[in-house]
Amino acid sequence: MSQPVATRRPAAVRYERIALVDLLDRLLAGGVVISGEVRLSIADVDLVHISLRALISSVSTALEHGSEHS
Amino acid sequence: MADATAVWAYCVADRMAPEWFSHLAGVGEYPVSVVTGGPLAAAVSVVGLAEYGEQALARHLEDLTWLESTARSHHAVVEAVGAHVPVIPMRLATLYRDRDSLGAMLEARQQDFAEALGRVTARTEWGVKVYAVRPEPAATAAGEDHDADRPGAAYLRRRRSQLDASQHAQRAALAGAEEIHASLGQLAVAAGTRAPQAPQLSGQSDPMILNAVYLVEDGESAAFAEAVQRVASLHEPVRVELTGPWPPYSFAFVAEAAPAARQ
Chain L
-5 MSQPVATRRP AAVRYERIAL VDLLDRLLAG GVVISGEVRL SIADVDLVHI
45 SLRALISSVS TALEHGSEHS
Chain E
6 MADATAVWAY CVADRMAPEW FSHLAGVGEY PVSVVTGGPL AAAVSVVGLA
56 EYGEQALARH LEDLTWLEST ARSHHAVVEA VGAHVPVIPM RLATLYRDRD
106 SLGAMLEARQ QDFAEALGRV TARTEWGVKV YAVRPEPAAT AAGEDHDADR
156 PGAAYLRRRR SQLDASQHAQ RAALAGAEEI HASLGQLAVA AGTRAPQAPQ
206 LSGQSDPMIL NAVYLVEDGE SAAFAEAVQR VASLHEPVRV ELTGPWPPYS
256 FAFVAEAAPA ARQ
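Protein chains in written order, with the numbering used here: chain L, -5 to 64; chain E, 6 to 268.
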């Protein structure tokens, strides 16, 4: 999509082939979150929910548009 | 305040060399650099709070284009590090005030990270998605026109038979998915499941009935991939997709610290 630097390089081609939904499955729900005195209160669960809701509505809208022609 | 920055953390490892990711642009095209703390190193980008502060981030996360670009950039750095050393990925949008505070966290939590790194060393995450394949409706629908004078009855009989076939296939698919998860789990050192992806997100019309993750010894990866092929062919009304190798996003746990002094 919009990753001009990465797409120039063959090594990055496989990143583009990863389905976004599989990636977000992991990046929004996996990985380490350390909440401590030094972390800004940004990566909180509420925010993850917001983003997933947005994702679902964005993607479903896009799909509805696409399927009108099929 | 206009120049306020925060430190976006991609991942943590025992060591890092800048040349591993010097060819990559980080999130928002910010350059990627290294922060060390104790025996650990983290890949980071110093980002502008105007774009990555709490409110800006909440707004951006509603923007699918921004989210995709950011997620792929984050993942590219994690993969670049993971190509050289065992890596603990940080969740998307984990930000620290500055490099020093991240370094202090790494030093304070070095034991937890060492344990997490030990769990994922020489192991790889794989994803397996199983879809229930809808039965073909055509088999019973064709060639039954002897009720042509009673089209309603014929329709109802056809419809019932389709529903029976569909429910039967659904039950068989669910049972198959359970068996698949159990048998693949035996080849893994750890396994887990995520919520199945909605059809709007998976882009597949067939319903997803298993969205599983497995942590597999590197030496077993080929055997694991073969097992996925094998179980897929054993269970007829399902379709199986293997994804990976992944950095250990689903198996990178670091225990939460006790809620100690907050600033």
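Even glycine gets a Cβ: it sits at the ideal position worked out from N, Cα and C.
What is the DSSP secondary structure of residue i, counted as helix, strand or coil?
{"i": "T99 of chain E", "result": "coil"}
{"i": "I185 of chain E", "result": "helix"}
{"i": "A159 of chain E", "result": "helix"}
{"i": "A200 of chain E", "result": "coil"}
{"i": "M213 of chain E", "result": "strand"}
{"i": "Q175 of chain E", "result": "helix"}
{"i": "Y15 of chain E", "result": "strand"}
{"i": "Y3 of chain E", "result": "Summary: the structure shown does not reach residue 3 of chain E, with chain E confined to residues 6 through 268, and so no result is reported for it."}
{"i": "S27 of chain E", "result": "coil"}
{"i": "V52 of chain E", "result": "strand"}
{"i": "A23 of chain L", "result": "coil"}
{"i": "L192 of chain E", "result": "coil"}
{"i": "Y35 of chain E", "result": "coil"}
{"i": "A63 of chain E", "result": "helix"}
{"i": "A47 of chain E", "result": "strand"}
Which bits of chain L does residue i rub up against, with CB to CB less than 9 Å?
{"i": "P94 of chain E", "result": "R20, L21, G24, G25 and V26"}
{"i": "A257 of chain E", "result": "G24, G25 and V26"}
{"i": "G132 of chain E", "result": "D16, D19 and R20"}
To the nearest whole angstrom, what separates the beta carbons of residue i and residue j, a pair I think is in contact under 8 Å?
{"i": "S294 of chain E", "j": "V32 of chain E", "result": "Residue 294 of chain E is absent from the model: chain E starts at 6 and stops at 268."}
{"i": "D211 of chain E", "j": "R162 of chain E", "result": "Not a contact, Cβ separation roughly 26 Å."}
{"i": "E130 of chain E", "j": "P253 of chain E", "result": "5 Å"}
{"i": "V259 of chain E", "j": "V26 of chain L", "result": "5 Å"}
Given that residue i touches chain L, what residues does it touch there, using C-beta distances under 8 Å?
{"i": "Y254 of chain E", "result": "R20, L21, G24 and G25"}
{"i": "R199 of chain E", "result": "D19 and A23"}
{"i": "W251 of chain E", "result": "R20"}
{"i": "H80 of chain E", "result": "Y9, I12, L17 and L21"}
Residue i versus chain L: which residues are under 7 Å apart at the beta carbon?
{"i": "T248 of chain E", "result": "D16"}
{"i": "S207 of chain E", "result": "V15"}
Does residue i come within less than 8 Å of chain B when only Cβ atoms are used?
{"i": "A232 of chain E", "result": "Any reference to chain B falls outside this structure, whose protein chains are L and E."}
Next on the checklist: If contact is defined by three or more beta carbon pairs under 8 Å, each pair taking one atom from either stretch, is the region 86 to 100 of chain E in contact with the region 234 to 246 of chain E?
Outcome noted: no
Checklist entry - Are there three or more Cβ pairs, one per stretch, closer than 8 Å when the region 115 to 131 of chain E is compared with the region 75 to 93 of chain E? => result Yes, the region 115 to 131 of chain E touches the region 75 to 93 of chain E.
Next on the checklist: Below 8 Å, how does it come out for the region 188 to 208 of chain E and the region 166 to 178 of chain E: are there three or more Cβ pairs, yes or no?
Outcome noted: no
Item to check | Three-pair Cβ contact test at 8 Å for the region 176 to 186 of chain E versus the region 202 to 209 of chain E | outcome: no
Checklist entry - Taking the runs of the alpha helix (DSSP H) that are 4 residues or longer, which of them lie wholly in the region 224 to 259 of chain E? => result Qualifying alpha helix (DSSP H) stretches, in chain order: 226 to 239.
Next on the checklist: Going residue by residue through the region 65 to 145 of chain E, where are the continuous beta strand (DSSP E) segments of at least 3 residues, counting only ones entirely within it?
Outcome noted: 128 to 137
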